[in-house]
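Colleague: Before I ask anything, let me first share the structure, which is written out below as structure tokens.
Numbering (our numbering), first residue to last: 20 to 281.
Written out as structure tokens, the structure reads:
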């Protein structure tokens, strides 16, 4: 048998007096010096305990548990701690600025100031309500950000006050004042084409306000005529595609025709 208490028990080993060995060991471990050491350790836990805000590794429950364990140890050692001191020590370790008003309220409320359980229950309710509210606000903010995004023509666009990254203008129908390929231009309806022309005029008037009106109208007219003058894609000239829209693999007939033309 080895350990820090063996030196006190060894004297009774030869006489095989176990009762006296236990009593001696108890007097040593529960004597005045041991009691004072345990009291000092309990008070040190109370003084050094800190709560600076809700964290996953250290919540308000952990902070309350540290104080409660110290109070239990002092009660076992018959150390009388005033009720008001328990509360004031508990409030002194809270450094979270969001609880400053709640601490002032407790200091001005005699019922909570003299009741540690009522004090910690009140603050615990307040802390977890604040944490829940902050999570709810973050979720709402994330939903609003997600709703401000949408996709158009395979690109990511942000609906931020009718503007698109790159200066394009977006209306309620999600048409953009930009250059379109021939195929995409002829897929648009006449109303959409007219809307795009109007948007182009508005965009140019805003971004090039220093230019004279006649120059702007000339540029817009040329741009609209260029779009409208594009002939629609002929279906016979388009290469065959699969059902998914991918280019179809060359067939034997197509290969023979290409060899004959060469």
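Ideal placement from N, C-alpha and C gives every residue a C-beta, glycine not left out.
Using beta-carbon positions only, say whether residue 108 and residue 72 come within less than 8 Å of one another.
Modeller: No. Outside cutoff.
Colleague: Going residue by residue through the segment 192-224, where are the continuous beta strand (DSSP E) segments of at least 3 residues, counting only ones entirely within it?
Modeller: You should have found no qualifying run.
Colleague: For residue 70, count neighbouring Cβ atoms within 10 angstroms of its own Cβ and tell me buried if that reaches 16, exposed if not.
Modeller: When all chains shown are included, residue 70 counts as buried.
Colleague: Quick one, which of 195, 152 and 65 has its alpha-carbon nearest residue 219's?
Modeller: Among 195, 152 and 65, the Cα nearest to that of residue 219 belongs to 195.
Colleague: Have a look at 143, 101 and 96 and flag the residue whose alpha-carbon is nearest the alpha-carbon of residue 117.
Modeller: That would be 143, whose Cα lies nearest to the Cα of residue 117.
Colleague: Nearest to residue 79 by CA position, among 91, 211 and 138, is which residue?
Modeller: Ranking the options by Cα distance to residue 79, first place goes to 138.
Colleague: Using the rule of at least 16 other Cβ atoms within 10 Å of the residue's Cβ for burial, across every protein chain shown, is residue 90 buried or exposed?
Modeller: Buried, since its Cβ has 16 or more Cβ neighbours within 10 Å.
Colleague: Out of 155, 131, 85 and 53, state which residue places its alpha-carbon closest to the alpha-carbon of residue 112.
Modeller: If we check each option's Cα against that of residue 112, 85 comes out closest.
Colleague: At which residue ranges does the segment 127-152 contain complete alpha helix (DSSP H) runs of 4 or more residues, listed in the order of the chain?
Modeller: Qualifying alpha helix (DSSP H) stretches, in chain order: 129-132.
Colleague: Using alpha carbons as the reference points, say which of 97, 83, 210 and 131 lies closest to residue 103.
Modeller: The shortest Cα separation from residue 103 among 97, 83, 210 and 131 belongs to 131.
Colleague: Assuming residue 65 contacts residue 96 under a Cβ cut-off of 8 Å, what Cβ separation, rounded to an integer in Å, is found between them?
Modeller: With 8 Å as the limit, residue 65 and residue 96 do not qualify as a contact, their Cβ atoms being about 14 Å apart.
Colleague: The alpha helix (DSSP H) with residue 90 in it runs from where to where?
Modeller: Unbroken alpha helix (DSSP H) run through residue 90: 79-95.
Colleague: Going by other Cβ atoms of all chains shown within 10 Å of its Cβ, with 16 needed for buried, is residue 42 buried or exposed?
Modeller: Burial call: exposed.
Colleague: Going by beta carbon distance, what residues of the same chain come within less than 8 Å of residue 38, once the five residues before and after it are set aside?
Modeller: So the list is empty, once near-sequence residues are dropped.
Colleague: Could you give the distance in angstroms between the alpha-carbon of residue 76 and the alpha-carbon of residue 48?
Modeller: Taking the straight line from one Cα to the other gives about 34 Å.
Colleague: Where do the N-terminal and C-terminal ends of the alpha helix (DSSP H) with residue 104 fall, by residue?
Modeller: Here the alpha helix (DSSP H) through residue 104 covers 102-111.
Colleague: Measure the C-alpha to C-alpha separation of residue 148 and residue 200 and round it to an integer number of angstroms.
Modeller: Rounded to whole angstroms, residue 148 to residue 200 spans 55 Å at the Cα level.
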